[in-house]
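**Student:**
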Ligand SMILES: [Zn+2]
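Written out as structure tokens, the structure is:
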């Protein structure tokens, strides 16, 4: 996967170093039977990562490459561990500034330089100033009384700093000046699940403060100024953005389907909205619009995804008088007629066996919950709604928050989605796949297999420069063969090394009515980690319904093909986010682990991986199926 871009190298080299260019020159040999390593010219030395001249802000990195099988390799005269194919993953420390590496193998040498940037220097003790680009709020904000504004600035340590906004003066303090408080680490960041100190110098010169907007404040495009005082000298700086108090909220609606909805600007996602969802906005921060979906309950959408409605537009609110349970090809659907498209959110609870649909702006006035009102001619036991849904409950959780809970007959869940038809909101619940377990086959089941990356998106690079996209496709095709032998219908998102957007891949899965989406990838690591130590097979899920298949697939690979267990966990990945079916992303192995990579490019191993995943899919579907 693309956690880190392992880019094509271009190094200053002496001797006959093998350069990779354009579409990888080595990869096609993958399909000629032998791993790429064995078909290389004997005097070649390949360095895949890092490219010379790279800027890497990390204490360490690794040099990934391949030498002739059996050749001894050194880096700056230190021995480099290689495997039988000549593949290596050599960890090197990086000092701040320029780092030079000379790699020698089989009588060929390659030189590369990597620059580690210097730490962002703290504002000088001697020069009285605000550091450029550090004044916050950095983006203009629209607020209402009661909102809290955050101010911060980096400036000469030991100063007195205030922000002035209109006729208000807000004191700002550094960590040293509030040393009795519980510590707050301003320089902390995380990457790849690991927390680290982003900027060691951020604390002593960082001043922060806040101000709660009062009802009498009349900021309108008001620009804060920042004032620093030290030794009776004064420096003033003008803030980069403005503050406005919004007197009245205004109505917007979503411009398109799949609008991304977040709990804060750039923060975690919740259920995306379809087009035409009407909502009240009471604030903004830079490009982000704050939406008040119920009193005191806010969600955020990019302003680009919203259109303003003209003045005088009616409030986004509706009564809920009827709930209909219906059946269709997908399964059951719970339909709620509203007088307009209101915002919504879905929560899946496997333990409780429920799906909860929250409708913002809706008020319960429900007298009827009807079953298959349109389909009276179908016997109740034939209806998907009766087979899947035990009963439905609703409550008015808060003002403007209607909450409908679908209690399912089986705790196992196979998929769901929400959409609008005109202004009727529907929660669709998927029927289980029909599996004939006695035959041990997957007849009647549709599996969508997604070979990750392709075309201009190569993914990670293996030790000899083989693209992850090529390995993913080879394994995916083996998986397809195994699944088809079991009788399953398989839909591939790509069958060649071509560009396919992430959205198109998900669309293919949804439109093919797949019972399961499996995305095949192979892994790499960020700088600073050790490829020899961190490796193995791992799977990723996003929604609770995908936890079980993700664990089953990972456990199967650990057992069947003897890969180290690298875990099964939540990750916010595009291919894991659809709800219409369980969706799992598999990172089979590591492209940058020399031994694992050698196995990944071997057709026999690829076939074993495909067979293991197919068997896991079969056991997951058969053992979970109610048939
Ligand atoms: Zn990938």
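In our numbering, the protein residues as written are 50 to 676. Note that CB positions come from ideal geometry on N, CA and C, so glycine has one too. Treat the numbers as computed from the prediction; the structure is a model and nothing was measured.
Among 139, 134, 143, 524, which one has its Cα closest to the Cα of residue 103?
**Tutor:** Indexing the chain shown from 1 puts residue 103 at position 54. Considering only alpha carbons, the answer is 143.
**Student:** Could you tell me how far apart the beta carbons of residue 411 and residue 367 are, in whole angstroms, since I believe they sit closer than 8 Å?
**Tutor:** Against the chain shown, residue 411 aligns to sequence position 362. Against the chain shown, residue 367 aligns to sequence position 318. Yes, they are in contact, since the Cβ atoms of residue 411 and residue 367 sit about 5 Å apart, within 8 Å.
**Student:** Rounded to the nearest angstrom, what separates residue 49 and residue 308 at their Cα positions?
**Tutor:** It is not possible to answer for residue 49, since the shown part of the chain is limited to 50 through 676.
**Student:** What is the residue span of the beta strand (DSSP E) that residue 358 lies within?
**Tutor:** Taking the chain shown and counting its residues from 1, one reaches residue 358 at position 309. Careful: residue 358 lies outside any beta strand (DSSP E) and carries neither H nor E.
**Student:** Taking only three categories from DSSP, how would you classify residue 57?
**Tutor:** The count along the chain shown starts at 1 and reaches residue 57 at position 8. Caution applies to residue 57, whose pLDDT of 30 falls short of 50 and renders its modelled position unreliable; the value that the coordinates give is listed next. The answer is coil: DSSP assigns residue 57 none of H, G, I, E or B.
**Student:** Only counting the same chain, and skipping five residues up and downstream in sequence, which positions put a Cβ closer than 8 Å to that of residue 447?
**Tutor:** As a working note, residue 447 is residue 398 in the chain shown. Once the five neighbours on either side are set aside, the close Cβ partners of residue 447 are 343, 344, 346.
**Student:** So what's residue 435 in DSSP terms, helix, strand or just coil?
**Tutor:** Here residue 435 refers to the residue found at position 386 when the chain shown is read from its first residue. DSSP places residue 435 in helix when its eight states are reduced to three.
**Student:** Check whether the Cβ of residue 501 lies closer than 7 Å to any heavy atom of ligand 1, and answer yes or no.
**Tutor:** To locate residue 501, count along the chain shown from 1; it is residue 452. Result yes, Cβ under 7 Å from ligand 1.
**Student:** Helix or strand or just coil, what does DSSP make of residue 379?
**Tutor:** Along the chain shown, read from residue 1 onward, the residue named residue 379 stands at position 330. Coil at residue 379, not helix or strand.
**Student:** So residue 206 and residue 253 are in contact, right, with Cβ under 8 Å, and what is the actual spacing, rounded?
**Tutor:** Your numbering for residue 206 matches position 157 in the chain shown. Your numbering for residue 253 matches position 204 in the chain shown. About 5 Å; that satisfies the 8 Å criterion.
**Student:** Inspect the CB distances between the region 288 to 303 and the region 270 to 278 and report whether three or more fall short of 8 Å.
**Tutor:** With a cut-off of 8 Å, the region 270 to 278 and the region 288 to 303 count as touching, because enough Cβ pairs lie within range.
**Student:** Looking only at C-alpha atoms, which of 110, 567, 283, 578 sits nearest to residue 601?
**Tutor:** On the chain shown, position 552 is the one that residue 601 refers to. The residue from 110, 567, 283, 578 with its alpha-carbon nearest to that of residue 601 is 567.
**Student:** Starting from residue 657, follow its DSSP beta bridges and name the residues at the other end.
**Tutor:** Here residue 657 corresponds to residue number 608 of the chain shown, with the count starting at 1. Residue pairing by DSSP leaves residue 657 without any beta bridge partner.
**Student:** Does DSSP put residue 220 in a helix, a strand or coil?
**Tutor:** One-based indexing of the chain shown puts residue 220 at position 171. DSSP places residue 220 in strand when its eight states are reduced to three.
**Student:** Using only the alpha-carbon positions, how far apart do residue 355 and residue 338 sit?
**Tutor:** Start at 1 with the first residue of the chain shown, and residue 355 comes out as number 306. Start at 1 with the first residue of the chain shown, and residue 338 comes out as number 289. Their backbone Cα atoms lie some 9 Å apart in a straight line.
**Student:** Grouping DSSP H, G and I as helix and E and B as strand, with all else coil, what is residue 644?
**Tutor:** Here residue 644 is taken as the residue at index 595 of the chain shown, counted from 1. Note: residue 644 maps to helix in three-state DSSP.
**Student:** Flag residue 589 as yes if its beta-carbon sits less than 8 Å from any beta-carbon of chain D, otherwise no.
**Tutor:** Included in the structure is just one protein chain, with no chain D present.
**Student:** Leaving out five residues on either side along the sequence, give the residues of the same chain with a beta carbon under 8 Å from the beta carbon of residue 107.
**Tutor:** For the purposes of this step, residue 107 is taken as the residue at position 58 of the chain shown. Only 143, 165, 575, 576, 577 meet the Cβ criterion.
**Student:** Using a Cβ-based criterion (distance less than 7 Å to any ligand heavy atom), does residue 258 qualify as near ligand 1?
**Tutor:** Indexing the chain shown from 1 puts residue 258 at position 209. No - ligand 1 has no heavy atom lying nearer than 7 Å to the Cβ of residue 258.
**Student:** What three-state label does DSSP hand residue 559 in the structure shown?
**Tutor:** Here residue 559 corresponds to residue number 510 of the chain shown, with the count starting at 1. Residue state, collapsed to three classes: helix.
**Student:** Just the Cα atoms here: how many angstroms apart are residue 500 and residue 383?
**Tutor:** Mapped onto the chain shown, residue 500 falls at position 451. Mapped onto the chain shown, residue 383 falls at position 334. Between residue 500 and residue 383, the C-alpha separation is close to 34 Å.
**Student:** For the beta strand (DSSP E) containing residue 287, list its first residue and its last residue.
**Tutor:** As a position in the chain shown, residue 287 is number 238, starting the count at 1. Where residue 287 is concerned, the enclosing beta strand (DSSP E) stretches over 282 to 287.
**Student:** Can you tell me which of 478, 549, 466, 536 puts its alpha carbon nearest to the alpha carbon of residue 505?
**Tutor:** If you number the chain shown from 1, residue 505 lands on position 456. Nearest of 478, 549, 466, 536 to residue 505, Cα basis: 549.
**Student:** Is residue 509 near ligand 1, judged by its Cβ being under 7 Å from some heavy atom?
**Tutor:** On the chain shown, residue 509 is found 460 positions in, with the first residue counted as 1. Yes, the Cβ of residue 509 comes within 7 Å of a heavy atom of ligand 1.
**Student:** On a CA-only basis, which of 456, 298, 451 is nearest residue 436? Give me that one, please.
**Tutor:** For the purposes of this step, residue 436 is taken as residue 387 along the chain shown, with counting starting at 1. Of the candidates 456, 298, 451, the one whose C-alpha sits nearest the C-alpha of residue 436 is 456.
**Student:** Hey, residue 657 and residue 604: beta-carbon distance below 8 Å or not?
**Tutor:** Indexing the chain shown from 1 puts residue 657 at position 608. Indexing the chain shown from 1 puts residue 604 at position 555. Not closer than 8 Å, so no.
**Student:** Would residue 571 and residue 659 qualify as a contact pair, given that the criterion is a beta-carbon distance under 8 Å?
**Tutor:** Locating residue 571 in the chain shown gives position 522, where the first residue counts as 1. Locating residue 659 in the chain shown gives position 610, where the first residue counts as 1. No, they are not a contact pair.
**Student:** Mind checking whether the beta-carbon of residue 583 lies closer than 7 Å to any heavy atom of ligand 1?
**Tutor:** Indexing the chain shown from 1 puts residue 583 at position 534. Because no heavy atom of ligand 1 lies under 7 Å away, the Cβ of residue 583 does not count as near it: no.
**Student:** Would you check whether ligand 1 has a heavy atom nearer than 7 Å to the C-beta of residue 477?
**Tutor:** Taking the first residue of the chain shown as position 1, residue 477 is located at position 428. The answer is no for residue 477.
**Student:** Taking buried to mean at least 16 other C-beta atoms within 10 Å of its own C-beta, is residue 126 buried or exposed?
**Tutor:** For the purposes of this step, residue 126 is taken as residue 77 along the chain shown, with counting starting at 1. Residue 126 comes out exposed.
**Student:** Taking three-plus beta-carbon pairs below 8 Å as touching, is the region 386 to 395 in contact with the region 456 to 476?
**Tutor:** yes
**Student:** Taking 8 Å as the threshold (C-beta atoms), are residue 299 and residue 388 in contact?
**Tutor:** Counting from 1 along the chain shown, the entry for residue 388 is found at position 339. Counting from 1 along the chain shown, the entry for residue 299 is found at position 250. No, these two residues do not count as a Cβ contact at 8 Å.
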